[in-house]
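Counted from 1, the sequence shown has number 787 at position 787 by the UniProt record's numbering; the numbering is strictly sequential.
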Amino acid sequence: MQPINDSGSACALPAQVPHAYRMGGPVSSLSYNLPLPVQLSRAHFSLDVRTESSEGLLFFAATKGGRSHLALYMSKGRIRLSAGTEKKIFNRENYDDGKWHSIVFSLEKKKFRLVVNGIRAQDGQLTNTELTSMQQYVHHLYLGSVPESLHKQLQLKFLPKQSVSGCIRGFRMNGVLMSKPASNLGAGPCFKGPTQRGAYFSGNGAHVLINDSIAVGSNFELLFNIRPRSLTGLLLHVGDLTRTQSGAGRNHYLTIYLLRGEVVVQVNNGNGNFMVSVKPKASLCDGMFHKVSVIKRKNVVQLHVDTVDNYKIGPPFSTVPQTKAPLYVGGVPETPTQQTLPLTSSFVGCIQDMRINEDPVSFQRLPAAFGPVNLKECPGRVHSVARLPSMADPADPAPGGESKEKTERVDDAELALQGINMLLNNGFKESDELFRKHRNHSPLMSFGASFVSFLNAMMTFEEEKMQMAFEDLKATERMCESENAGVIETIKNKIKRSMDSQRSGGAAVDRLQRQIIIADCQVYLAVLSFIKQELSAYIKGGWILRKAWKIATRPHPGPSPSQRLDGISPEALDRLKGSVSFGYGLFHLCISMVPPHLLKIVNLLGFPGDRLQGLSALSFASESKDMKAPLATLALLWYHTVVQPFFALDGTDTQAGLTEAKSILQQREATYPNSSLFTFFKGRVQRLECQISGALTSFSNALDLASDQREIQHVCLYEIGWCSMIELNYREAYRAFERLKTESRWSQCFYAYLTGVCQGATGDLEGAIAVFKDVQRLFKRKNNQIELYSMKRAEKLNSPCLTKELCILSVIEILYLWKALSNCSSAKLQTMSHVLQGIEEASCTGLKNLLLGAINKCLQNTKDAIQYFHLAARDEVGRLTNSYVQPYSCYELGCVLLNSPESAGRGRMLMLQAKEDYAGYDFENRLHVRIHSALASIRTAAQP
Numbered sequence: 001m002q003p004i005n006d007s008g009s010a011c012a013l014p015a016q017v018p019h020a021y022r023m024g025g026p027v028s029s030l031s032y033n034l035p036l037p038v039q040l041s042r043a044h045f046s047l048d049v050r051t052e053s054s055e056g057l058l059f060f061a062a063t064k065g066g067r068s069h070l071a072l073y074m075s076k077g078r079i080r081l082s083a084g085t086e087k088k089i090f091n092r093e094n095y096d097d098g099k100w101h102s103i104v105f106s107l108e109k110k111k112f113r114l115v116v117n118g119i120r121a122q123d124g125q126l127t128n129t130e131l132t133s134m135q136q137y138v139h140h141l142y143l144g145s146v147p148e149s150l151h152k153q154l155q156l157k158f159l160p161k162q163s164v165s166g167c168i169r170g171f172r173m174n175g176v177l178m179s180k181p182a183s184n185l186g187a188g189p190c191f192k193g194p195t196q197r198g199a200y201f202s203g204n205g206a207h208v209l210i211n212d213s214i215a216v217g218s219n220f221e222l223l224f225n226i227r228p229r230s231l232t233g234l235l236l237h238v239g240d241l242t243r244t245q246s247g248a249g250r251n252h253y254l255t256i257y258l259l260r261g262e263v264v265v266q267v268n269n270g271n272g273n274f275m276v277s278v279k280p281k282a283s284l285c286d287g288m289f290h291k292v293s294v295i296k297r298k299n300v301v302q303l304h305v306d307t308v309d310n311y312k313i314g315p316p317f318s319t320v321p322q323t324k325a326p327l328y329v330g331g332v333p334e335t336p337t338q339q340t341l342p343l344t345s346s347f348v349g350c351i352q353d354m355r356i357n358e359d360p361v362s363f364q365r366l367p368a369a370f371g372p373v374n375l376k377e378c379p380g381r382v383h384s385v386a387r388l389p390s391m392a393d394p395a396d397p398a399p400g401g402e403s404k405e406k407t408e409r410v411d412d413a414e415l416a417l418q419g420i421n422m423l424l425n426n427g428f429k430e431s432d433e434l435f436r437k438h439r440n441h442s443p444l445m446s447f448g449a450s451f452v453s454f455l456n457a458m459m460t461f462e463e464e465k466m467q468m469a470f471e472d473l474k475a476t477e478r479m480c481e482s483e484n485a486g487v488i489e490t491i492k493n494k495i496k497r498s499m500d501s502q503r504s505g506g507a508a509v510d511r512l513q514r515q516i517i518i519a520d521c522q523v524y525l526a527v528l529s530f531i532k533q534e535l536s537a538y539i540k541g542g543w544i545l546r547k548a549w550k551i552a553t554r555p556h557p558g559p560s561p562s563q564r565l566d567g568i569s570p571e572a573l574d575r576l577k578g579s580v581s582f583g584y585g586l587f588h589l590c591i592s593m594v595p596p597h598l599l600k601i602v603n604l605l606g607f608p609g610d611r612l613q614g615l616s617a618l619s620f621a622s623e624s625k626d627m628k629a630p631l632a633t634l635a636l637l638w639y640h641t642v643v644q645p646f647f648a649l650d651g652t653d654t655q656a657g658l659t660e661a662k663s664i665l666q667q668r669e670a671t672y673p674n675s676s677l678f679t680f681f682k683g684r685v686q687r688l689e690c691q692i693s694g695a696l697t698s699f700s701n702a703l704d705l706a707s708d709q710r711e712i713q714h715v716c717l718y719e720i721g722w723c724s725m726i727e728l729n730y731r732e733a734y735r736a737f738e739r740l741k742t743e744s745r746w747s748q749c750f751y752a753y754l755t756g757v758c759q760g761a762t763g764d765l766e767g768a769i770a771v772f773k774d775v776q777r778l779f780k781r782k783n784n785q786i787e788l789y790s791m792k793r794a795e796k797l798n799s800p801c802l803t804k805e806l807c808i809l810s811v812i813e814i815l816y817l818w819k820a821l822s823n824c825s826s827a828k829l830q831t832m833s834h835v836l837q838g839i840e841e842a843s844c845t846g847l848k849n850l851l852l853g854a855i856n857k858c859l860q861n862t863k864d865a866i867q868y869f870h871l872a873a874r875d876e877v878g879r880l881t882n883s884y885v886q887p888y889s890c891y892e893l894g895c896v897l898l899n900s901p902e903s904a905g906r907g908r909m910l911m912l913q914a915k916e917d918y919a920g921y922d923f924e925n926r927l928h929v930r931i932h933s934a935l936a937s938i939r940t941a942a943q944p
């Protein structure tokens with residue numbers, strides 16, 4: 001099938017890297033048939049690779065019968081070469097940095113060699129038997145994934161089964177460019193410049209199989225976005241096109257295609273064909289995404305393309321039995337059936353956000369892909385924004401220049417909101433590109449770029465991300481503080497100002513906006529410092545924010561227009577109030593979580609944290625028209641699903657917060673239908689409601705949706721690991737944490753500890769001990785409480801006496817410390833209790849009793865819980881190895897006793913004892929926050 005290439009620059013094909021393919025996933029593969037068989041022992045290969053993936057197959061060849069092989073692959077970010085049976089060499093550098101790297105590998109007699117970027121790894125050595133085997137002839141070479149049959153035949157467990165996710169360029173054998181693969185299964189073009197999410201179909205027969213057995217049915221719904229590069233092509237086909245002897249189609253099918261810029265749907269309900277079409281108002285080749293939806297209800301089909309729609313009533317729905325058939329997107333296989341389609345040219349362009357009967361389609365998890373289709377990304381769109389005015393630009397155009405100004409002027413507030421919405425709808429690269437491109441044009445766009453950096457830092461806690469966020473926020477701060485901020489850009493963009501306009505409402509809005517941005521930057525810098533337990537910047541941020549709040553609210557204390565600043569419209573003022581409310585609310589929530597012994601310092605400023613006021617401010621901000629409205633929504637979800645449950649804020653009842661979170665998700669579903677972040681928070685709600693199976697599905701979906709955003713992928717993997725531990729599925733938990741240990745740069749020490757205890761809980765004690773040794777090697781931050789805990793526990797478990805039960809105890813301990821036991825089902829809790837009761841080691845007695853008390857508390861066995869907490873609180877033997885056991889036991893016992901009026905006094909006394917009688921134990925600040933919250937709840941309840 002050849003696509004019809006329409007003329008015109010709008011339909012021009014994207015810039016592509018010559019002789020390069022974008023690989024990725026289990027179905028992405030290129031195979032080469034050699035015209036003359038060659039011996040691997042005499043072959044010399046070279047290629048370039050660009051990837052951010054730490055794992056995946058690059059090249060593979062095997063001799064007949066699979067006796068020997070030659071494989072190039074990525075493992076833990078390193079490039080490795082395997083030859084013979086299982087011999088391996090590798091370069092010690094990491095190459096998963098998104099840059100191009102040149103690789104040369106070969107076999108020369110008994111030696112096999114690997115050179116990366118001119119650096120040669122230590123040569124590998126084959127045995128005589130292996131050399132003889134390698135001298136057999138090879139007929140096929142593979143780039144990316146290889147057929148499953150080869151994996152089964154070779155049984156090489158160390159080799160990745162999937163292709164590396166990235167670009168492979170300039171593949172050569174013996175110096176000759178291998179430009180024409182015999183088959184291409186899902187290896188698309190590698191694009192120059194920025195990219196964005198979606199699947200790109202290159203024509204030339206490129207298509208994918210979405211479902212190999214589906215019936216059209218009486219009701220059928222499709223929703224997707226397209227950005228074509230050709231105005232004619234087959235978009236989707238499902239059903240059977242075989243015909244009867246009379247030539248009439250009698251089977252159910254549905255076909256969607258483009259025909260010279262028109263979208264057409266052709267349907268057969270079993271009683272003959274009918275079709276409906278829509279001609280969009282604007283050309284589909286305008287470089288923008290266009291929303292297409294098809295709704296079929298029996299014999300009525302409705303088609304929407306952007307804002308234009310049409311429908312058609314066809315022949316009555318037939319009762320002819322339906323056979324299930326494959327559903328293809330982008331084209332169909334070259335079979336006789338293809339000739340009965342309305343057209344045969346395959347689609348050229350990008351498709352994203354596809355839903356079939358309301359179920360999202362993941363292009364990265366497909367049964368099969370055929371031809372040059374890039375399943376990972378689409379070429380980035382070049383934004384048409386010529387320039388941005390400063391926020392202080394006069395509202396009216398210069399005389400005589402009205403039409404020109406209207407075509408050039410873009411509201412930076414609207415563009416910033418557009419960038420944030422891009423971010424939340426998985427357009428991470430596009431959002432970052434937009435903000436980075438315009439960050440020097442206005443303080444608001446600079447702040448948007450800085451916030452993207454801040455969000456990445458907050459999701460990963462990685463030092464380099466935090467440093468980048470720190471530098472970006474400081475740059476934005478300097479821009480807003482400079483009296484001449486934006487002047488160079490203003491001159492460059494030919495923005496005319498007068499002295500009058502400087503005193504106008506536009507200038508006042510500009511001045512207030514700058515002050516708010518400075519205050520917000522201080523708060524975000526303070527949060528970054530707070531993560532490092534540095535309070536000075538945190539207090540400074542609150543002080544500046546308080547001044548910004550007074551400045552922003554003073555002009556508009558009431559409804560009287562006379563009390564407004566001259567020239568500021570009500571809409572601009574409302575946006576400013578929404579803007580400052582976000583930082584104000586976020587600060588209140590953060591300050592309310594400061595450990596009590598530090599809270600006195602904050603109170604000296606006369607600005608104590610008020611949690612309810614913070615939530616109220618964020619709710620107000622979330623309904624505003626400011627760019628931070630979506631961010632306020634995220635902050636509310638973060639508080640209700642992460643912070644409140646973890647710190648036990650507002651008492652132990654989190655149901656009200658979950659109800660609020662579900663309401664927010666429901667309200668925003670239409671705006672962000674496929675947002676990885678909102679899907680992530682949906683999983684958090686499900687986890688807290690003990691719907692662990694649903695939570696795992698949501699986190700897996702979010703993981704797929706965030707294919708271009710490593711930071712979000714990592715928080716999803718983190719949750720998948722925790723949910724798997726909650727389900728006592730130690731193997732899946734091990735896989736998630738092992739990947740985080742390899743890929744994440746936050747705390748490899750902690751992830752290694754989680755990997756080790758989960759691996760040991762599966763029964764693999766030898767592997768667990770090896771990982772515990774890694775924990776000690778990866779321990780870097782001596783002042784980090786989590787790493788200190790991980791290192792101490794790993795030292796204890798790194799023993800020949802390690803048992804599976806001790807590893808399970810460590811898993812239960814982690815679930816307790818991170819307040820995840822309450823998410824476990826009664827059956828899982830009973831299983832944990834049974835394992836704990838069988839552990840006899842004396843040094844673990846106190847910890848065992850604490851955990852048994854917590855489990856019985858979750859099971860509402862109050863009497864048993866009190867008994868176990870008493871035993872744990874009295875345990876002195878385990879205090880040296882588990883120093884937090886006694887204060888935590890006092891706290892837990894106090895929580896249980898507070899629930900009864902008769903014992904509430906005793907419970908409060910135990911709380912104070914836990915707070916004042918113990919010091920220097922693990923997670924002390926964490927417990928102090930929970931005690932502070934519990935005591936505050938008692939005081940609130942006691943008030944009339």
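Each residue gets a CB set at the ideal place from its N, CA and C atoms; glycine is no exception.
- In this structure, DSSP gives Ala-215 a state outside helix and strand, which the three-state scheme calls coil.
- Only residues of its own chain outside the window of five on either side were considered, and among them Leu-852, Ile-855 have a CB closer than 7 angstroms to the CB of Ser-833, listed in chain order.
- Within the model, the alpha-carbon separation for Asn-251 versus Asp-240 is close to 6 angstroms.
- The alpha-carbon of Glu-93 is positioned some 25 angstroms away from that of Ala-457.
- With contacts defined as CB atoms closer than 8 angstroms, Asn-374 and Phe-289 fail to qualify as a contacting pair.
- Under the 10 Å beta carbon count, Val-332 is surrounded by 16 or more other beta carbons and is classified as buried.
- Sequence-distant partners of Asn-91 (beyond 5 residues in either direction) whose C-beta falls short of 7 angstroms from its own C-beta, in its chain, are Arg-78, Ile-79, Leu-114, Val-116, Ile-119, Ala-121.
- A residue is called buried once 16 or more other Cβ atoms fall within 10 Å of its Cβ, and Ala-632 is buried on that count.
- Here Pro-147 carries a coil assignment [DSSP, helix/strand/coil].
- Taking Gln-759 as the centre and dropping the five residues before and after it, the same chain places the C-beta of Tyr-734, Gly-767, Ala-768, Val-771 closer than 7 angstroms to its C-beta, in chain order.
- Only exposed fits Glu-571, as fewer than 16 other CB atoms lie within 10 angstroms of its CB.
- A distance below 8 angstroms between beta-carbons, with the five flanking residues on each side excluded, links Leu-424 to the following residues of its chain, in chain order: Pro-630, Leu-634, Tyr-672, Ser-675, Leu-677, Phe-678.
- Scanning Asp-626, Cys-350, Gly-84 for the CA closest to the CA of Leu-573 turns up Asp-626.
- By the criterion of a C-beta distance shorter than 8 angstroms, Gln-686 is surrounded in its chain by Ile-692, Gly-694, Ala-695, Ser-698, once the five residues flanking it on both sides are discounted.
- Here Leu-209 has Pro-326, Tyr-328, Leu-366, Pro-367, Ala-368 as same chain residues with Cβ atoms under 7 angstroms from its own Cβ, once five neighbours each way along the sequence are excluded.
- Under a 10 Å Cβ-count criterion, Ile-313 is classified as exposed, with fewer than 16 other Cβ atoms of the shown protein chains found around its own Cβ.
- In the three-state scheme derived from DSSP, where H, G and I count as helix and E and B as strand, Thr-476 is classed as helix.
- Looking at the backbone, the Cα of Leu-847 and that of Asp-875 are separated by about 9 angstroms.
- Residue range 748 to 761 is occupied by the alpha helix (DSSP H) that includes Ala-761.
- Of the residues assessed, Glu-358 falls on the exposed side of the cut-off, its CB having fewer than 16 other CB atoms within 10 angstroms.
- Taking Gly-721 as the centre and dropping the five residues before and after it, the same chain places the C-beta of Ala-733, Ala-736, Phe-737 closer than 6 angstroms to its C-beta, in chain order.
- Listed in chain order, the non-local C-beta contacts of Arg-297 below 7 angstroms within the same chain comprise Asn-219, local neighbours out to five positions each way being set aside.
- Shown here, Val-27 sits in coil according to DSSP, grouped into three states, outside any helix or strand.
- Taking one beta carbon from each stretch, the segment 610 to 624 and the segment 576 to 584 have 3 or more pairs nearer than 8 angstroms; the two touch.
- The beta-carbon separation of Leu-30 and Tyr-142, rounded to 7 angstroms, stays under the 8 angstroms limit for a contact.
- Bounds of any alpha helix (DSSP H) do not take in Lys-99, whose DSSP letter is neither H nor E.
- Val-715 and Met-422 have their C-alpha atoms some 20 angstroms from each other.
- In the assembly as shown, Asn-174 is an exposed residue. Its beta-carbon has fewer than 16 other beta-carbons within 10 Å.
- The continuous stretches of beta strand (DSSP E) do not include Met-725, which lies in the alpha helix (DSSP H) extending over residues 710 to 726.
- The residue from Phe-370, Gly-371, Asp-123, Cys-378 with its alpha-carbon nearest to that of Gln-352 is Cys-378.
- Beta-bridge partners of Lys-111 (DSSP): Glu-108, Gln-125.
- By the Cβ neighbour-count rule, Met-909 is exposed, with fewer than 16 other Cβ atoms within 10 Å of its own.
- For Gly-838, the number of other beta carbons within 10 angstroms of its own is below 16, and it is reported as exposed.
- The shortest C-alpha to C-alpha distance from Lys-773 to any of Asn-784, Ala-794, Tyr-789 is the one to Ala-794.
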